[in-house]
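Numbering-wise, our numbering puts 271 at position 276 of the sequence shown, and it's gapless, one number per residue.
Ideal placement from N, C-alpha and C gives every residue a C-beta, glycine not left out.
Keep in mind that this is a model prediction, so the values were computed, not measured.
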Amino acid sequence: IFFSFCFATCCPMKLGLSVKIPVLVVVPLCLALMWLVYIFTATSQRCDYDHMDKSEAAGLYKLIEAKSKQVDELMKRSNTLQTELAQVQKLQSERRPEDKCEALKVEVAGLQTEVTRLQTEGAKSATTAGPPVPQAMSAEATFIAQNCGPFSLPVYKHTSKRPLHLVFLTNPVPFANGGQISETLWVRDVVLHKLQRPVVIHYPPEEQKHDYHVSDCLIVTLFLKRIIWIEKARAKGHTNLGVYHMGDEKMEHPTDFIPKFDYVLRNYYSKPLQKAYPNVHWVPSGTKSGLGNHQMFTPSTLPLASQRIHLCNFLGSLRSNRQAVLNMLEQRGIRCYTNVNKWEGKGARDPIIYRFALEQSKFTLCPWGNNPETMRLYEALETGSIPVSQKWKDADFDPLVALGPGHPLPVLDTWGQLPELFDRYKDPAKLDELQAQVVSWWIRRRDAIFTGVRNVIEESFARKYGDSERTTPLQPCQG
-4 IFFSFCFATC
6 CPMKLGLSVK
16 IPVLVVVPLC
26 LALMWLVYIF
36 TATSQRCDYD
46 HMDKSEAAGL
56 YKLIEAKSKQ
66 VDELMKRSNT
76 LQTELAQVQK
86 LQSERRPEDK
96 CEALKVEVAG
106 LQTEVTRLQT
116 EGAKSATTAG
126 PPVPQAMSAE
136 ATFIAQNCGP
146 FSLPVYKHTS
156 KRPLHLVFLT
166 NPVPFANGGQ
176 ISETLWVRDV
186 VLHKLQRPVV
196 IHYPPEEQKH
206 DYHVSDCLIV
216 TLFLKRIIWI
226 EKARAKGHTN
236 LGVYHMGDEK
246 MEHPTDFIPK
256 FDYVLRNYYS
266 KPLQKAYPNV
276 HWVPSGTKSG
286 LGNHQMFTPS
296 TLPLASQRIH
306 LCNFLGSLRS
316 NRQAVLNMLE
326 QRGIRCYTNV
336 NKWEGKGARD
346 PIIYRFALEQ
356 SKFTLCPWGN
366 NPETMRLYEA
376 LETGSIPVSQ
386 KWKDADFDPL
396 VALGPGHPLP
406 VLDTWGQLPE
416 LFDRYKDPAK
426 LDELQAQVVS
436 WWIRRRDAIF
446 TGVRNVIEES
456 FARKYGDSER
466 TTPLQPCQG
């Protein structure tokens, strides 16, 4: 239009309207047509572009939606892992009892080493070698006793240490079954249960008992000329030899063999013998096989004294003053469960029935036999029955002295005081309290005795093999 206007204005006047009019009309029309073509083409192309953008957007939307779901799942998993991580960190901060046991044992062992060092440096007085450090250890030791001691599960651990050879040179089957030793399981499973080395058991034939020798051994014998055995063993070069000296209830056995052994474990307490021979160590005579709670003592399974059927029991043979005890019970009208038989004959009590009788008795009467130490005492303790004993005339041979001062066991001057004892504990609560004191005391004393046995044997190995076999002496549980 602008071009036509300029042409019409500037062109010579001589040109007529026949020329100007077509120019003014045709040229704008051509330009307008060209503009329309341009507009149509651009619009068509823009529509194609719009169509492509929508197709791609749909695909991208689906992809984004799928990725969004994956992100949500990852976030949930991340939250779960964070929660689990927090729980693990909490468990690590609150150490499990068994982990704490190991840490405390290491700490206590260090304290015990320090005590030993102080004692070696010359602290011989009771005040120097005594209570300060153990008192500081009492809380830790209590934890160990509660979490790592007799009530924890036993853990079997293989060890490459040299074994102790436990050699039965006397038939280990009980008398009632044709053998000669009633305490085989007590020796094997209780006396030696705190050892931290393998125990290899030997049962040599009867005809070989004087000629069966091995080093690093503990021989168990009842009827044997011990001096002959030890002299032959030493002549062959055997070392680290111990003997479990049994059956000397009348204190009549020869003692010439004692100094030739590295250590002697002996039942039937004799203070003069232990004073004369430092290698002699007393151990309780224990229980017959099939009775006591061998290996682990579990008082939670024992009936309360107040809930037991029998007031008392007397189980055993009639020797020494035992007939007088039965006569007294009959005269006083005291109803006790009694089972009297010949000593360890074939008609001896069935161990299961015997154990049930003990477990259902509030008190167990333990009169003397040939010695004031009787198996009845330990059988009662192992079954939660309260043992009743009579004071022995000579403290040098009294097993209650060997068990240590401060025990809670009832001890009578005469059996005529028995009715008074029963009257004193008629109240069920008082009776159960006495039973709890007896059982708790026995757990601690039992552990202390057999910890000592373990230390004696380990020290004998250390003397022979040196530091390669030396172990830190154990301390008894502190309850």
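Roughly how many angstroms separate the alpha carbons of residue i and residue j, rounded to a whole number?
{"i": "residue 484", "j": "residue 53", "result": "With the chain represented from -4 up to 474, any question about residue 484 goes unanswered, as that position is not in the structure."}
{"i": "residue 249", "j": "residue 365", "result": "18 Å"}
{"i": "residue 73", "j": "residue 79", "result": "10 Å"}
{"i": "residue 65", "j": "residue 191", "result": "57 Å"}
{"i": "residue 469", "j": "residue 430", "result": "28 Å"}
{"i": "residue 200", "j": "residue 456", "result": "27 Å"}
{"i": "residue 459", "j": "residue 399", "result": "32 Å"}
{"i": "residue 370", "j": "residue 157", "result": "33 Å"}
{"i": "residue 406", "j": "residue 359", "result": "12 Å"}
{"i": "residue 226", "j": "residue 333", "result": "46 Å"}
{"i": "residue 180", "j": "residue 77", "result": "54 Å"}
{"i": "residue 278", "j": "residue 186", "result": "8 Å"}
{"i": "residue 213", "j": "residue 219", "result": "14 Å"}
{"i": "residue 461", "j": "residue 282", "result": "35 Å"}
{"i": "residue 351", "j": "residue 386", "result": "27 Å"}
{"i": "residue 312", "j": "residue 421", "result": "29 Å"}
{"i": "residue 33", "j": "residue 27", "result": "10 Å"}
{"i": "residue 441", "j": "residue 397", "result": "12 Å"}
{"i": "residue 295", "j": "residue 361", "result": "24 Å"}
{"i": "residue 202", "j": "residue 155", "result": "33 Å"}
{"i": "residue 229", "j": "residue 272", "result": "19 Å"}
{"i": "residue 150", "j": "residue 182", "result": "Residue placement at residue 150 is poorly supported in this model, since its pLDDT is 48, which falls under 50; the coordinates still yield a value, given next. Taking the straight line from one Cα to the other gives about 20 Å."}
{"i": "residue 259", "j": "residue 308", "result": "34 Å"}
{"i": "residue 423", "j": "residue 415", "result": "16 Å"}
{"i": "residue 284", "j": "residue 325", "result": "31 Å"}
{"i": "residue 246", "j": "residue 345", "result": "30 Å"}
{"i": "residue 318", "j": "residue 270", "result": "35 Å"}
{"i": "residue 144", "j": "residue 327", "result": "Note on residue 144: pLDDT 44, under 50, position unreliable in the model; the coordinate value appears next. Roughly 44 Å between the two C-alpha positions."}
{"i": "residue 82", "j": "residue 57", "result": "38 Å"}
Using 8 Å for Cβ pairs, my map puts residue i next to residue j. What's the rounded Cβ distance?
{"i": "residue 297", "j": "residue 378", "result": "7 Å"}
{"i": "residue 402", "j": "residue 395", "result": "7 Å"}
{"i": "residue 418", "j": "residue 299", "result": "About 19 Å separates the two Cβ atoms, so there is no contact after all."}
{"i": "residue 437", "j": "residue 372", "result": "About 10 Å; that fails the 8 Å criterion."}
{"i": "residue 193", "j": "residue 391", "result": "No, residue 193 and residue 391 are not in contact; Cβ-Cβ is about 37 Å, not under 8 Å."}
{"i": "residue 452", "j": "residue 159", "result": "6 Å"}
For residue i, which residues of its own chain have a beta-carbon under 7 Å away from its beta-carbon, when the five flanking residues on both sides are left out?
{"i": "residue 217", "result": "165, 175, 176, 241, 242"}
{"i": "residue 443", "result": "471"}
{"i": "residue 221", "result": "238, 252"}
Could you give the residue range of the alpha helix (DSSP H) that holds residue i?
{"i": "residue 435", "result": "423 to 460"}
{"i": "residue 224", "result": "221 to 230"}
{"i": "residue 266", "result": "266 to 271"}
{"i": "residue 347", "result": "346 to 354"}
{"i": "residue 275", "result": "From DSSP, residue 275 is part of no alpha helix (DSSP H) but of the beta strand (DSSP E) over 275 to 277."}
{"i": "residue 238", "result": "Premise fails: residue 238 lies in the beta strand (DSSP E), 236 to 240, not in any alpha helix (DSSP H)."}
{"i": "residue 320", "result": "317 to 327"}
Does the Cβ-Cβ distance between residue i and residue j come in under 8 Å?
{"i": "residue 446", "j": "residue 189", "result": "yes"}
{"i": "residue 404", "j": "residue 434", "result": "no"}
{"i": "residue 178", "j": "residue 280", "result": "yes"}
{"i": "residue 162", "j": "residue 276", "result": "no"}
{"i": "residue 198", "j": "residue 167", "result": "yes"}
{"i": "residue 233", "j": "residue 209", "result": "yes"}
{"i": "residue 224", "j": "residue 323", "result": "no"}
{"i": "residue 356", "j": "residue 305", "result": "yes"}
Which residues in the same chain as residue i place their Cβ atom closer than 6 Å to its Cβ, once the five residues preceding and following it in sequence are excluded?
{"i": "residue 147", "result": "Its pLDDT being 42, under 50, residue 147 is placed unreliably in this model, and the coordinates cannot settle the point."}
So, at 8 Å on beta carbons, what are the nonlocal neighbours of residue i in its own chain, with the 5 sequence-adjacent residues on each side left out?
{"i": "residue 122", "result": "The predicted model places residue 122 with a pLDDT of 37, which falls under 50 and marks its position as unreliable, so this point remains unresolved."}
{"i": "residue 354", "result": "297, 298, 303, 378, 379, 380"}
{"i": "residue 244", "result": "263, 364, 365, 366, 368"}
{"i": "residue 204", "result": "164, 165, 216, 219, 224"}
{"i": "residue 321", "result": "309, 313, 333, 335"}
{"i": "residue 68", "result": "none"}
Over what stretch of residues does the beta strand (DSSP E) that includes residue i continue unbroken?
{"i": "residue 334", "result": "332 to 335"}
{"i": "residue 207", "result": "It is not in any beta strand (DSSP E) - residue 207 carries neither H nor E in the DSSP assignment."}
{"i": "residue 203", "result": "Looking at the DSSP string, residue 203 is not in any beta strand (DSSP E), and its letter there is neither H nor E."}
{"i": "residue 259", "result": "258 to 261"}
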